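Below is one structure, written out as structure tokens; the observations come after it.
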Amino acid sequence: MSDKMNFQAEVGKLLDIVVNSLYSERQIFLRELISNASDACDKLKYLALTHPDIAKSAGEFKIAITPDAKNATLKIADNGIGMNKEDLINHLGTIAKSGTAEFVKNVKDNGSAVDLIGQFGVGFYSAFMVASKVEILTKKAGEDNAWSWESDGVSGFEIKEAKKESNGTEITLYLKDEDKNFTDTIYLRHIIRTYSDHIDYPIVLCLGEAGEETVNSGSALWARHKSEITSDQYKEFYHHISKNFDDPWLTLHFKAEGNIEYTGLLYIPSSAPYDLFQPDVKNGLKLYVNKVFISDKVEELMPHYLRFVKGVIDSSDLPLNISREMLQHSALLEKIKSGTVKRLLKELQKRVENYDDYLIFWQAFGAAFKEGIYEDFTNREEIAALSRFISTKDLEKYTSLDEYIERAKNVKIGENEQKAIYYITGDDVKVLANNPQLEAFKAKGIEVLLLTDPIDEFWTQTLPNYKGFAIQHIANADIDLNIERKDDKAGDGEMEKLCSIMNELFKNEVGKVTTTEKLTNSPVSLNVEQGQMSIHLERLMRNHQQQTAFASTRILELNPYHPLIIKLAAMAMEENNRPKVIEISKILLDQAKIAEGESISDPAFYVAKLSDYILKAMA
Ligand code: ADP
Ligand code: MG
């Protein structure tokens, strides 16, 4: 019996890239296949904990590499969990994860990114970089049937029933002419030591008559003493565990002793992964009990805001046969988590004073890390202290809340001292920096944080103050923002008239139109009532279609000192100017929206009118 199937379209696209456009670093296919073999051994080892009958059939784990120069083949065999027919179809032919599409996009955006192939959960396909045909013979532990899978990596694959004595998987690569060097034993030894030295199972090179040779040093790296580990070994292990190929920004290896004993080997990468903000992203830790791999899906091991931390936690205090349900409610795990978080925060504290160094971390992970202010009640002050922000002081340089407070101590607002950390939220720093609502703050020398990450709307709500300073959106600032001036100003009666015309005209667009003393340069600006949702948050929610606009809480503010408003207010007094006043008012509302970063309701109107006015100005 044989089944011929086509690759899922996505896989086809991926294979096309792998085979036709990735020429460099072809040797990484071996790392990927060895990594899969090691995963397969991990899985069987774990299964054997609860199914001793299966354990009997599982021998000493090992990964065997057999080169055959004469026939130009390379075989990678493991005695791990193996695959049945469903596994073969589901894992090697279709892709459940969104990995492929992301990988294809990444290759398009960044040129060759073959290095990252494992990170996207599609490492197996790298075999087709060097092989014109791949054959798999596999038998799942505990099952009777064995299967073969065969593919040229182009059209599809064929699955047949097959014969195999023991559980595990054998992958035979029929090497392309230009890749025959992968049967060279010196070269193979070199690749394995470079990329897979730390693999916890013996990787054995089978040399025919010359016998077998274990190539890797292979013991759980984290279990060794620090002094016995070189920085290259740390780095290589990081590459393995994170599937990243940059240098880690932070390496933290520790042993916690006392009530609970556990070892951690943790890394923070130096760049963000593609899925940092995808809803289904999981934390990057693997849990071991006495060097036995338990799971890489223990959400309780690390809080979500630290999901970018990669590494291993190994505790001998957890029972070996711990079930996933037990893991979910384990007080022990809770303690391990809080201890680990404390250690990580302490490491960040050591690095935070070096601006350029910390910037690497902050730019990669700051937006996720800040979620901790919102999520981690116990540590929120410390996380806030470790957070960095752009402010009106310097658009190019990050500041801390403590530095902000130091500067704020010298600021007087009228008779009073500055008592709050002010912020404004929006999509983009440059747009925010020019928001008319900041004019009064600039005039009074008050610094304002310019916050552009969605999470900023939320942590600012959960941390009402920091070191005695309230954290306030500028719309909620209860300070006197009026600017005293002797400039020309529109008359009160005229302003009243203009406001009433606009109030009627915009009754569906804004809650009210008022005169303000807070603007210096702009004729108009959008604001919200104190205590209301910020315009930016409202926009975020609208984009997620959770809410419609709360037009009723908006305020359109007019600057009575601006020549344009002075003229317009005078015009408003004459009944026959009405059509012109209405037209200009509409343009002004659009301007206020644009300055805020909002989209305008009738761009065609705005563009046409603006062109008219430009033409008149040129005449
Ligand atoms: P990933 O390893 O990130 O899941 P891969 O493309 O490397 O992605 O492998 C896909 C899947 O194929 C694996 O998750 C596993 O289920 C299966 N697989 C690959 N190689 C083996 C193997 N040697 N033994 C058992 N299963 C394997
Ligand atoms: Mg893999």
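Those letters in the sequence shown? Residues 404 to 1022, per the numbering used here, in order.
Note that CB positions come from ideal geometry on N, CA and C, so glycine has one too.
As the structure is a computational prediction, the values presented were derived from the model and not from experiment.
With 16 other Cβ atoms within 10 Å as the buried cut-off, status of residue i
i    : result
I466 : buried
L610 : exposed
N619 : buried
L417 : buried
Y869 : buried
P926 : buried
P963 : buried
R945 : exposed
M976 : exposed
S569 : exposed
T781 : exposed
E799 : exposed
S558 : exposed
H732 : exposed
N924 : exposed
H947 : exposed
M486 : buried
I437 : buried
Y590 : exposed
L971 : buried
A771 : buried
beta-carbon residue i near ligand 2 non-hydrogen atom, thresh 7 Å
i    : result
E435 : yes
The alpha helix (DSSP H) enclosing residue i, as first and last residue numbers
i     : result
N946  : I938 to N946
G621  : Taken as a continuous stretch (DSSP letters only), G621 belongs to no alpha helix (DSSP H), as it is neither H nor E.
G439  : One detail in the question is off: residue 439 reads as Asn in this sequence, not Gly. Note, N439: alpha helix (DSSP H), I431 to T453.
M898  : D895 to L908
Y691  : No alpha helix (DSSP H) contains Y691, which is instead part of the beta strand (DSSP E) from G687 to V692.
H593  : T588 to S599
V832  : V832 to A836
G571  : From DSSP, G571 is part of no alpha helix (DSSP H) but of the beta strand (DSSP E) over G571 to L578.
D1015 : P1006 to M1021
F768  : Y758 to F772
P1078 : The structure shown does not extend to residue 1078, since the chain is modelled only from 404 to 1022, so the question has no answer here.
Any non-hydrogen atom of ligand 1 within 7 Å of residue i CB
i    : result
I484 : yes
T572 : yes
L495 : yes
V525 : yes
D442 : yes
N439 : yes
D881 : no
Y801 : no
D678 : no
D481 : yes
D490 : yes
Y528 : yes
C-beta contact flag for residue i and residue j at 8 Å
i     : j    : result
N686  : E660 : no
I602  : G667 : no
E553  : D600 : no
I827  : I877 : yes
P682  : F711 : no
D582  : R429 : yes
D699  : K689 : yes
F531  : V414 : no
K1065 : I886 : Since the first residue of the chain shown is 404 and the last is 1022, residue 1065 is not available in this structure.
F464  : K448 : yes
E899  : A973 : no
T633  : P470 : no
I786  : Y807 : no
A843  : L884 : yes
I904  : S988 : yes
F764  : D445 : no
K822  : A873 : yes
Supposed contact pair residue j and residue i - C-beta distance, whole angstroms, cut 8 Å
i    : j    : result
A480 : E573 : 4 Å
E999 : N757 : Wrong, their Cβ atoms sit about 37 Å apart, outside the cutoff.
I484 : K543 : 7 Å
S794 : L852 : 5 Å
E809 : P706 : In fact, because the Cβ distance is near 30 Å, the residues do not count as touching under 8 Å.
L576 : A534 : 4 Å
T919 : L967 : The pair is not a contact, with the Cβ atoms about 15 Å apart (cut-off 8 Å).
I671 : I739 : The Cβ separation is near 18 Å, so there is no contact.
Endpoints, the beta strand (DSSP E) within which residue i is located
i    : result
K488 : Run containing K488: none in the beta strand (DSSP E); it sits in the alpha helix (DSSP H), K488 to H494.
R957 : R957 to L961
K632 : In the sequence under discussion, the amino acid at residue 632 is Ile, which differs from the Lys named in the question. It is not in any beta strand (DSSP E) - I632 carries neither H nor E in the DSSP assignment.
N930 : V927 to V931
E785 : No beta strand (DSSP E) holds E785; the alpha helix (DSSP H) holding it covers R783 to A788.
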